[in-house]
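Residue numbers for the sequence shown follow this note's numbering, so the first one is 95 and each next one is one higher.
Quick reminder that beta carbons are idealized off the backbone N, C-alpha and C, glycines included.
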Amino acid sequence: MAQQEDVFKKIVAHCKEYGFVFPSSEIYDGLGAVYDYGQNGIELKNNIKRYWWDAMVKLNENIVGIDSSIFMHPTIWKASGHVDAFNDPLIDNKDSKKRYRADVLIEEQIAKYDEKIEKEVAKAAKKFGDAFDKEKFLATSVHCQEHQAKRDALHARYAKAMNDNNLEELRQIIIDEEIACPISGTKNWTDVRQFNLMFSTEMGSTADGSMKIFLRPETAQGIFVNFLNVQKTGRMKIPFGIAQIGKAFRNEIVARQFIFRMREFEQMEMQFFVRPGEELKWFEYWKKVRLNWHKALGMGDENYRYHDHDKLAHYANAATDIEFRMPFGFKEVEGIHSRTNFDLSQHQKYSGKKIQYFDPELNENYVPFVIETSIGVDRMFLSIMCGAYTEEVVGENDTRVVLKLPAVLAPVKAAIMPLVKKDGLPEKAREIINTLKYDFNVQYDEKDSIGKRYRRQDAIGTPFCITVDHQTLEDGTVTIRERDTMEQERVPVADLYSIISKKTSFSELFKKL
Ligand code: GAP
Numbered sequence: 095m096a097q098q099e100d101v102f103k104k105i106v107a108h109c110k111e112y113g114f115v116f117p118s119s120e121i122y123d124g125l126g127a128v129y130d131y132g133q134n135g136i137e138l139k140n141n142i143k144r145y146w147w148d149a150m151v152k153l154n155e156n157i158v159g160i161d162s163s164i165f166m167h168p169t170i171w172k173a174s175g176h177v178d179a180f181n182d183p184l185i186d187n188k189d190s191k192k193r194y195r196a197d198v199l200i201e202e203q204i205a206k207y208d209e210k211i212e213k214e215v216a217k218a219a220k221k222f223g224d225a226f227d228k229e230k231f232l233a234t235s236v237h238c239q240e241h242q243a244k245r246d247a248l249h250a251r252y253a254k255a256m257n258d259n260n261l262e263e264l265r266q267i268i269i270d271e272e273i274a275c276p277i278s279g280t281k282n283w284t285d286v287r288q289f290n291l292m293f294s295t296e297m298g299s300t301a302d303g304s305m306k307i308f309l310r311p312e313t314a315q316g317i318f319v320n321f322l323n324v325q326k327t328g329r330m331k332i333p334f335g336i337a338q339i340g341k342a343f344r345n346e347i348v349a350r351q352f353i354f355r356m357r358e359f360e361q362m363e364m365q366f367f368v369r370p371g372e373e374l375k376w377f378e379y380w381k382k383v384r385l386n387w388h389k390a391l392g393m394g395d396e397n398y399r400y401h402d403h404d405k406l407a408h409y410a411n412a413a414t415d416i417e418f419r420m421p422f423g424f425k426e427v428e429g430i431h432s433r434t435n436f437d438l439s440q441h442q443k444y445s446g447k448k449i450q451y452f453d454p455e456l457n458e459n460y461v462p463f464v465i466e467t468s469i470g471v472d473r474m475f476l477s478i479m480c481g482a483y484t485e486e487v488v489g490e491n492d493t494r495v496v497l498k499l500p501a502v503l504a505p506v507k508a509a510i511m512p513l514v515k516k517d518g519l520p521e522k523a524r525e526i527i528n529t530l531k532y533d534f535n536v537q538y539d540e541k542d543s544i545g546k547r548y549r550r551q552d553a554i555g556t557p558f559c560i561t562v563d564h565q566t567l568e569d570g571t572v573t574i575r576e577r578d579t580m581e582q583e584r585v586p587v588a589d590l591y592s593i594i595s596k597k598t599s600f601s602e603l604f605k606k607l
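Below you can see the structure in the form of structure tokens.
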């Protein structure tokens with residue numbers, strides 16, 4: 095575990111050192127849980143967004159996109175339930191004065207039982223080798239069964255407390271499980287209180303009479319309130335979807351783990367409108383489609399799993415998360431929710447406008463049901479960085495750090511390097527860049543030895559390094575080095591476009607979906 099924490103620290107440092115992510119306002123000592131993306135980070139982020147947007151809007155005839163504003167009428171948040179119910183249960187440790195989310199403390203405790211079971215399994219697997227039967231071991235090991243029973247009991251108690259909104263019970267669980275503050279080490283806890291996560295601000299001058307408005311905590315509501323506009327102007331027929339990418343804001347109290355939990359972040363959300371009664375069929379459909387989208391990136395199928403929700407949000411009748419194996423455990427990257435017709439019905443009620451769809455096949459009006467897919471751009475970014483970060487031994491006493499990014503997402507697709515800074519090689523390299531730059535993000539690099547330049551490109555995940563040498567001037571060939579295998583090949587300059595394009599094109603990736 096400590097080793098994994100170490101890896102995570104290295105990833106955070108790497109993100110800063112190589113221009114991916116910087117703490118916001120750093121020269122003023124930063125601003126908690128707010129981050130800026132650097133020159134490489136923004137390229138990776140834009141590629142992630144393109145992968146999502148095109149997979150939704152370009153590949154599906156019945157999904158269209160919008161871009162709604164961050165500021166919205168404040169009644170929207172009353173209607174959606176966020177004013178009354180978008181809360182986190184908080185608890186303070188009286189000695190360290192640190193504030194925690196009570197639900198997170200308990201979930202971490204549940205994860206500790208899971209870890210104990212995993213450790214027992216790993217120990218036994220090592221002892222029995224090929225003959226090891228995991229199912230049989232889990233069914234017969236006394237230790238595993240004890241851990242499992244404790245875990246299940248805690249889980250059931252926790253799920254009930256959350257569903258009943260029982261804050262006293264949450265505190266009692268923390269006391270009974272003897273959960274200690276990681277800072278002070280004591281179990282001296284306050285009561286659990288609810289805390290609303292929305293940021294608010296004033297719109298208009300006080301002379302005109304100002305209005306308290308909220309910074310949106312999710313992009314979804316911008317889609318719901320535009321349902322009629324899009325359905326009518328786009329002549330959309332159910333089932334259909336509306337997709338949006340945009341900023342969201344939450345006053346997270348426990349803001350930890352770098353860009354995993356931020357106060358300002360970006361979401362990619364799609365609301366899919368369906369006939370009442372068909373929502374669970376579509377929920378299963380989107381669960382599969384979304385997992386497949388993640389897996390198509392080739393970061394290892396074993397690094398993803400579903401996590402079905404115990405506590406359903408106030409609007410949902412089914413919900414699951416797609417989790418990715420981060421260095422700090424499997425964590426949610428995307429949520430898929432069956433939101434019933436809650437949001438549209440609420441907006442119908444609060445706005446007084448009829449928000450319905452006339453279904454010509456059924457010859458009836460209804461408020462559509464909704465399946466939502468909601469993924470954080472930043473969390474997706476973090477999962478990709480964590481999956482890609484690799485330290486490799488590449489010879490005696492030599493190591494390299496390489497970002498094994500999916501080539502299609504890499505910030506720079508190829509670096510073009512003259513072997514030396516003379517003899518016309520820089521000019522030839524720039525000539526090659528001029529043929530490639532309209533289609534690919536390419537970089538020119540002439541500083542330091544070729545070995546150092548390779549390492550620099552490995553560290554930002556560039557799939558190809560192309561070296562221009564004296565032979566290039568004679569026969570029009572260059573050396574192309576592949577990032578992961580480090581293999582080098584001599585190829586004609588004329589072939590570069592197709593080599594790079596084959597490996598980095600979105601269309602090849604989309605064909606896997
Ligand atoms: N519209 C539904 C919704 O917002 P959510 O589970 O609260 O659902 C969806 O958020 C996704 O947004 C999460 O799976 C996560 O990827 C991302 N997300 C939520 N809160 C975040 C935060 N504070 N920082 C970064 N990403 C966040």
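Ends of the alpha helix (DSSP H) at residue i?
i: aspartate 197; result: 196-222
i: serine 190; result: Note, serine 190: premise wrong, no alpha helix (DSSP H); not H, not E.
i: methionine 479; result: 471-482
i: serine 595; result: 590-598
Tell me the residue span of the beta strand (DSSP E) that contains residue i.
i: proline 512; result: 508-512
i: isoleucine 560; result: 558-562
i: tyrosine 538; result: 536-538
i: valine 158; result: 157-160
i: methionine 305; result: 305-308
i: asparagine 290; result: 287-290
i: arginine 245; result: Here arginine 245 belongs to no beta strand (DSSP E); instead the alpha helix (DSSP H) covers 236-257.
Do you know whose CA, among the options, lies nearest residue i's CA?
i: threonine 610; options: Glu583, Leu530, Asp578; result: The requested residue 610 does not occur in the structure, where the chain is confined to residues 95 to 607.
i: glutamate 417; options: Gln242, Thr579, Ile430, Ala588; result: Ile430
i: alanine 412; options: Glu396, Leu391, Phe436; result: Phe436
i: methionine 511; options: Ala482, Asp402, Gly545, Thr493; result: Gly545
i: cysteine 559; options: Glu540, Lys281, Arg251, Leu607; result: Glu540
i: methionine 393; options: Gln537, Phe226, Leu603, His237; result: Leu603
i: glutamine 442; options: Asn260, Lys172, Ile336, Gly113; result: Lys172
i: aspartate 542; options: Arg550, Phe334, Val286; result: Arg550
i: methionine 580; options: Val496, Lys605, Lys515; result: Val496
i: leucine 519; options: Val488, Pro505, Val487, Leu567; result: Leu567
Does the ligand GAP have even one heavy atom less than 7 Å from the beta-carbon of residue i?
i: arginine 193; result: no
i: arginine 310; result: no
i: methionine 292; result: no
i: glutamine 659; result: Because the chain spans 95 through 607 in this model, residue 659 falls outside it and cannot be assessed.
i: serine 468; result: yes
i: glutamine 338; result: no
i: phenylalanine 352; result: no
i: glutamine 361; result: yes
i: alanine 225; result: no
i: glutamate 428; result: yes
i: glutamate 346; result: yes
i: methionine 356; result: yes
i: alanine 314; result: yes
i: arginine 524; result: no
i: arginine 419; result: no
i: aspartate 178; result: no
i: aspartate 472; result: yes
To the nearest angstrom, how far is the alpha carbon of residue i from that of residue j?
i: methionine 473; j: valine 427; result: In the sequence on display, residue 473 carries arginine and not methionine. Distance between the alpha carbons of arginine 473 and valine 427 is about 6 Å.
i: arginine 193; j: aspartate 186; result: 4 Å
i: alanine 501; j: isoleucine 527; result: 19 Å
i: asparagine 459; j: lysine 448; result: 10 Å
i: isoleucine 594; j: proline 276; result: 49 Å
i: alanine 509; j: valine 128; result: 31 Å
i: aspartate 182; j: histidine 176; result: 12 Å
i: alanine 410; j: glycine 135; result: 34 Å
i: isoleucine 478; j: alanine 218; result: 32 Å
i: tryptophan 376; j: leucine 513; result: 56 Å
i: cysteine 480; j: glutamate 99; result: 12 Å
i: isoleucine 164; j: phenylalanine 452; result: 30 Å
i: asparagine 399; j: glutamine 565; result: Position check: residue 399 holds arginine in this sequence, whereas asparagine was assumed. So the two alpha carbons sit approximately 50 Å from each other.
i: arginine 419; j: glutamate 396; result: 8 Å
i: leucine 503; j: tyrosine 145; result: 8 Å
i: tyrosine 122; j: lysine 382; result: 45 Å
i: leucine 86; j: asparagine 282; result: With the chain running from 95 to 607 in the structure shown, residue 86 is simply not present.
i: phenylalanine 366; j: glutamate 202; result: 33 Å
i: aspartate 402; j: glutamate 378; result: 12 Å
Contact check, residue i vs residue j under 8 Å by CB: the rounded distance?
i: threonine 313; j: alanine 342; result: 6 Å
i: isoleucine 465; j: valine 368; result: 6 Å
i: leucine 184; j: isoleucine 273; result: Not a contact, Cβ separation roughly 14 Å.
i: valine 215; j: lysine 206; result: Actually they do not touch by this definition, with Cβ atoms about 15 Å apart.
i: threonine 234; j: tyrosine 444; result: Contact doesn't hold; Cβ gap of about 57 Å is too wide.
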